[in-house]
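Asker: Structure incoming, see below.
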Amino acid sequence: MHKARVLIDADACPRQALAIAQALCRELGWKCFTYASFNHQLRGDNHISVDAGPQAVDTKLANDTRAGDIVVTQDIGLGALILGKKASSLTPHGMIFDPDRIAFHLEERNEKARFRRGGGRTRGPAARTREDDERFAEALRSLMERERGKTV
1 MHKARVLIDA
11 DACPRQALAI
21 AQALCRELGW
31 KCFTYASFNH
41 QLRGDNHISV
51 DAGPQAVDTK
61 LANDTRAGDI
71 VVTQDIGLGA
81 LILGKKASSL
91 TPHGMIFDPD
101 RIAFHLEERN
111 EKARFRRGGG
121 RTRGPAARTR
131 EDDERFAEAL
141 RSLMERERGK
151 TV
């Protein structure tokens with residue numbers, strides 16, 4: 001059995017979500033790892049810097065993920081890979097990637113990309129709110145408690 005871990009795709013993770021995850025890890029005795037390209041100025045005992053190449057952070061994070069880990073990422077494709085490794089994944093806005101719905105999310109992402117390639121415009125993310133922070137904290141705590149229950 002390995003120590004419970006939260007792995008964070010920190011390249012695009014809002015600071016508030018990162019702080020919430022780190023606080024929950026301290027409170028519940030989990031290890032928290034952050035992953036970002038060396039272009040980001042993140043430091044810490046458990047920070048992994050990788051090359052700035054395309055998908056470098058996602059590749060390293062996916063390779064390091066083990067069953068039972070929880071991964072925080074906005075990337076739907078990475079979320080799908082994580083689910084395939086018997087780990088859990090959620091966005092910094094608190095949406096838990098569900099194995100029963102991940103195919104829908106991937107298709108939706110592909111449709112939006114196709115629309116943009118054809119000249120269309122899609123909305124960017126909304127400004128982060130206190131409700132986003134609360135939803136993220138609640139979802140992450142729920143996943144952590146669920147994983148803890150599996151190892152007891």
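Numbering follows the UniProt record's numbering, in which position 52 of the sequence shown is assigned residue number 52; successive positions increment by one, without gaps. Backbone N, C-alpha and C define an ideal beta-carbon position, used for all residues, glycine too.
Please return the same chain residues whose Cβ sits closer than 7 Å to the Cβ of C13, not counting the five positions on each side in sequence.
Answerer: Locating residue 13 in the sequence shown gives position 13, counting from the first residue. These residues qualify, in order along the chain: V72 and P92.
Asker: Determine, using beta-carbon pairs with one atom in the region 56-66 and one in the region 31-40, whether at least three such pairs fall under 8 Å.
Answerer: yes
Asker: Go ahead and label G94 buried or exposed: buried means 16 or more other beta carbons lie within 10 angstroms of its beta carbon, across all protein chains shown.
Answerer: As a first step, residue 94 must be located in the sequence shown, where it is residue number 94. Per the 10 Å Cβ criterion, buried.
Asker: Quick check: the Cα distance between G120 and I76, rounded to an integer number of angstroms?
Answerer: For the purposes of this step, residue 120 is identified with residue 120 of the sequence shown, where counting begins at 1. For the purposes of this step, residue 76 is identified with residue 76 of the sequence shown, where counting begins at 1. Answer to the nearest angstrom: the Cα atoms are 21 Å apart.
Asker: Excluding the 5 residues flanking Q16 on each side, which residues of the same chain have their C-beta closer than 7 Å to its C-beta?
Answerer: In the sequence shown, residue 16 corresponds to position 16, counting from 1. So the qualifying residues of the chain are R128 and D133.
Asker: Quick check on Q74 - is its C-beta less than 8 Å from some C-beta in chain D?
Answerer: In summary, chain D is missing from the structure at hand, where a single protein chain is found.
Asker: Does the beta-carbon of E147 have 16 or more other beta-carbons within 10 angstroms, so that it is buried, or is it exposed?
Answerer: As a first step, residue 147 is located in the sequence shown; it is residue number 147 there, counting from the start. With 16 or more Cβ atoms within 10 Å of its Cβ, E147 is classed as buried.
Asker: From the DSSP secondary-structure annotation, give me the bridge partner or partners of V57.
Answerer: Reading the sequence shown from its first residue, position 57 is the one you call residue 57. In the DSSP output, where bridge partners are listed per residue, V57 has none listed.
Asker: Output yes or no for whether 8 Å exceeds the beta carbon distance between L24 and I8.
Answerer: As a working note, residue 24 is residue 24 in the sequence shown. As a working note, residue 8 is residue 8 in the sequence shown. Cβ distance not < 8 Å, so L24 and I8 don't count as in contact.
Asker: With DSSP run on the structure shown, which of helix, strand or coil describes D133?
Answerer: As a working mapping, residue 133 is identified with position 133 in the sequence shown. Helix, per DSSP.
Asker: Mind checking whether G84 and F97 have CB atoms under 8 Å apart?
Answerer: Taking the first residue of the sequence shown as 1, we reach residue 84 at position 84. Taking the first residue of the sequence shown as 1, we reach residue 97 at position 97. Not a contact, by the Cβ cut-off of 8 Å.
Asker: Taking the straight line between their C-alpha atoms, what separation do you get for I70 and D11?
Answerer: Position 70 of the sequence shown holds residue 70. Position 11 of the sequence shown holds residue 11. Cα-Cα distance, rounded: 17 Å.
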